[in-house]
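Chains as they are written, first to last, in our numbering: chain R, 1 to 155; chain U, 1001 to 1349.
By construction, the Cβ of each residue, glycine as well, lies at the ideal position given by its N, Cα and C atoms.
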Amino acid sequence: MSVSRRLETFVAFSAEVTAFTPTEVWGTGLTQRYLDTVDGVVGTAMTDALLNAFDRITTQSAGERTAKLRQTVFGCEQLGPVARAVVKLWYIGTWYALPAAWQERFGPAAQDGTFVPTPDAYVEGLLWSAIGAHPPGAKAQGFGSWQFPPGIPKF
Amino acid sequence: MTTHDITSIGLLHRQLFKAMQLEHATAPPYISALYSIHPGDNADAAQILRAVAVEEMLHLTIAANVMNAVGGTVDFTVAGFVPSYPTVLPDGEHDFEVGLGPFGKDALETYLKIERPAMAPRGQARHVQIKGGARHFISHPHDQTLRYYSIGEFYAAIRDGIVYLESEAKAKGKTIFTGDRAKQATAEYYYSGGGRLWPVFDVDSACRAIDLVIEQGEGELKQIFGAEGEIAHYYRFDQLQKGRYYQIGDQPGQPTGREIHVNWEAVWPIAVNLKLNKIPEKSELHAAVADFNKAYREFLAFLTRAFNGEPKLLLEAVPRMFEFRNRMQQLIRNPLPGGDCNAAPTYEI
C-alpha cells in the first residue's frame, strides 16, 4: 500500500468506525498524526493488517458492512482492541492503553500506554461535534453567544 | 479637474459603496491565510493577520455607518459586491491582484501592497493614471482613467467630499446627513472588534470615523503608530517581513523591537484561488465547499438586515462568524483529490 493510499484507507476506516464523514475526519487536521500514533504503538505491520482487513470489505450495503466489520475487525482478538483504541482516539483525543490480555498475547507494544498524542487532539476531538458543543477553553464561540440557542448538529 | 472629486451625493454614495466593497474584499484573503496557518505554529503571524482582518470588519462597519448617515443604501447582497478572486485592488505604479491562498512570502508581499501608506496629503497628487485599462475598485468617481494611489487617499477624498457637500447643503439650509439614526451600528452592538465605533450623524462624527479607517489601515504620511498608539496595518505586516516588531520611536523600515520567528512551512497548502468547478462534482468535499458559500451568502443577507434597522443582529453575527472559522479550518485541512493542494472556501457568492 502506497503512503498516500495508506493514509486514505486510514481516513476511510476512521470515518466508518466513528460515523463521521471523511471530510470531517480530514477536517481535524490530525489524520497523519493519528496514523503515526497507531504505527508507533502497534507497529506498521499490525496497522497494515488492520487497514487491509478493512479494505477487503468491499460491499456497499451498510448492514453488510457493519456485520463484516464486526466479524473481521472488531471481533478479531488481535485487531479488535486496536480498532477500539482508534475510535477512542478520534473521539476523545487520547490513546488508551491496550488491554493487558492483548499485551500478553500480541505484545509487547513498547510505546503503548495512555497518552495524548498532540495538544490539538483535545481541541479536535470528535466528541465535541457529536454532542453539539465546542471544546471548553478552545474554539471560542464569541462573547455573548450563550444568549442564543445552541446549534444542533446534523446527523 | 475640481479640487473635490466628489461633487454630488450620488457620487458620494457610489464611492461609499466601493469603500464597503473594498473593506469586505480584503477579509476573505486575510482570513484564508490566517486559517492556513497550523494551529500552535506562527503565533505572531496569526495574531497579526487576525488583528488586521478584524479591523477590516470594523472598517466595513464604519463605511456602512457613513453610508446610512448620508441617506445611502447598505446592501451586501447586490451582484458583484463580493469579487471573484483573484481581483484587482489599488497599487502605486503596477497593477496587482489580491487572491485567496495560503500564508506565505508571496502573500505577504501582496498584503504590503494592499496596505501601502498614502503618499500625498492633498489634491491632485492623490491620483495615478490607470495603466492597462484594468478595472479598479477605487477608481476616480468621474474620471475613469484615474485612480487613487492608496486606500488612504481614496478615503481622504471621501472625507473631503463629505465636508464639501455638507457646506454646500448648509448654505441652502439643508444637510446631507438625512439618514435614519436607528440604522447606525454602535458600540452596544459591536465590540472587541478592532476599535471604537460611534454613531455617524454629522461632519465631525463622519470625519473622525474615516480618519480612524485611514490611520488603522495604511497609516497616513508614513506614521508607524497612529494617534492612539496603535500600529498601522502596513507596518504590522512589515514586521513579519523584517522578522522584528516595531516599537515607539522606530523609523519606517527599521524595527528594533522583539524578534519574530516565522515558520513559512507550517501552513496547510491550500489551492490558490480555488473554484468550485475544480472540485469533483458530487463529491463530499464539493458539497462542503458549496455549503460554505451558501452559508456565507446567507450571512451577507443577515448583515444587510443588521445595517437596515436591526443593529441587534450584529450580536448574533458574532457566533456565526466563529462558526465560519470552524468550517473554514475543516475545509482547509481537506486534501483535494489528485493534487498536492488542499481545499478552501471559494467565496463564489
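When the alpha-carbon of R/Asp-55 is set against those of R/Ala-12, R/Pro-81 and R/Ala-45, the nearest one is in R/Ala-12. At a cut-off of 7 angstroms between beta-carbon atoms, R/Phe-115 makes no contact with chain U.
U/Thr-1007 sits in coil when the DSSP states are folded into three classes, being neither helix nor strand. Only Thr-23, Glu-24, Trp-26, Gly-27, Thr-28, Gly-29, Leu-30 and Thr-31 from the segment 23-48 of chain R bring a Cβ to less than 9 angstroms from some Cβ of chain U.
Distance from the CA atom of R/Thr-21 to the CA atom of U/Leu-1331, rounded to whole angstroms, is 13 angstroms. Contact of R/Gly-142 with chain U by beta-carbon distance below 8 angstroms involves Val-1318, Pro-1319, Met-1321 and Phe-1322. For U/Glu-1166, no beta strand (DSSP E) run applies; the uninterrupted alpha helix (DSSP H) run containing it begins and ends at 1151-1171, by DSSP.
Boundaries of the alpha helix (DSSP H) harbouring R/Glu-104: 100-106, taken from the DSSP string. The segment 1003-1053 of chain U is shown to contain whole alpha helix (DSSP H) runs of 4 or more residues at 1009-1036, in chain order. U/Thr-1026 has its alpha-carbon roughly 20 angstroms from the corresponding atom of U/Glu-1230. Annotated three-state conformation of U/Phe-1096 is strand, per DSSP. Judged by their CB atoms, U/Trp-1264 and U/Asn-1342 are not nearer to each other than the 7 angstroms cut-off. Counting along the chain, R/Gln-147 sits inside no alpha helix (DSSP H), nor does DSSP assign it H or E at all.
Using a Cβ-Cβ cut-off of 9 angstroms, U/Arg-1333 is close to Trp-26, Gly-27, Thr-28, Gly-29, Leu-30 and Thr-31 of chain R, given in chain order.
For U/Gln-1216, the secondary structure class from DSSP, reduced to helix, strand or coil, is helix. At a cut-off of 7 angstroms between beta carbons, U/Pro-1039 contacts chain R. In this structure, the straight-line span from the alpha carbon of U/Gly-1249 to that of U/Pro-1117 is close to 18 angstroms. Across the structure, R/Thr-18 and R/Tyr-91 are spaced so that their CA atoms are roughly 8 angstroms apart.
Taking 9 angstroms as the Cβ-Cβ cut-off, the segment 1008-1024 of chain U has no residue approaching chain R. Assignment of U/Glu-1259 by DSSP, reduced to helix, strand and coil, places it in the strand class. Under the three-state reduction of DSSP output, R/Gln-32 falls in the helix class. Here R/Val-86 carries a helix assignment [DSSP, helix/strand/coil]. Straight through space, the alpha carbons of U/Ala-1033 and U/Ala-1063 are spaced by roughly 24 angstroms.
With a threshold of 7 angstroms between beta carbons, R/Thr-21 makes contact with chain U. Under the 8 angstroms Cβ criterion, the segment 102-122 of chain R counts as touching the segment 26-46 of chain R, having at least three qualifying pairs. Closest in C-alpha terms to U/Ser-1008, from the list U/Gln-1216, U/Leu-1303 and U/Ala-1169, comes U/Ala-1169.
Between the C-alpha atoms of U/Phe-1154 and U/Lys-1312 there is a straight-line separation of about 30 angstroms. Residues Tyr-1085, Pro-1086, Gly-1099 and Leu-1100 of the same chain have their beta carbon placed closer than 6 angstroms to that of U/Asn-1273, with the five preceding and five following residues left out of the count. With its beta carbon at least 7 angstroms from every one in chain U, R/Ser-129 lies outside the interface.
Remark: three or more beta-carbon pairs, one from each stretch, lie closer than 8 angstroms, so the segment 1054-1069 of chain U and the segment 1199-1208 of chain U are flagged as touching.
Judged by beta-carbon spacing, U/Ile-1162 lies beyond the 7 angstroms limit of U/Ala-1209, meaning their Cβ atoms are not closer than that value. The segment 75-95 of chain R makes contact with the segment 125-138 of chain R, as at least three CB pairs between them are under 8 angstroms. Judged by DSSP secondary structure, R/Ser-129 falls within the alpha helix (DSSP H) whose first and last residues are 126-130. Taken through DSSP and simplified to helix, strand or coil, U/Val-1318 comes out as helix. Beta-bridge analysis with DSSP links U/Arg-1244 to U/Glu-1259. Nearest to U/Arg-1258 by C-alpha distance, out of U/Pro-1252, U/Ala-1266, U/Gln-1251 and U/Gln-1247, is U/Gln-1247.
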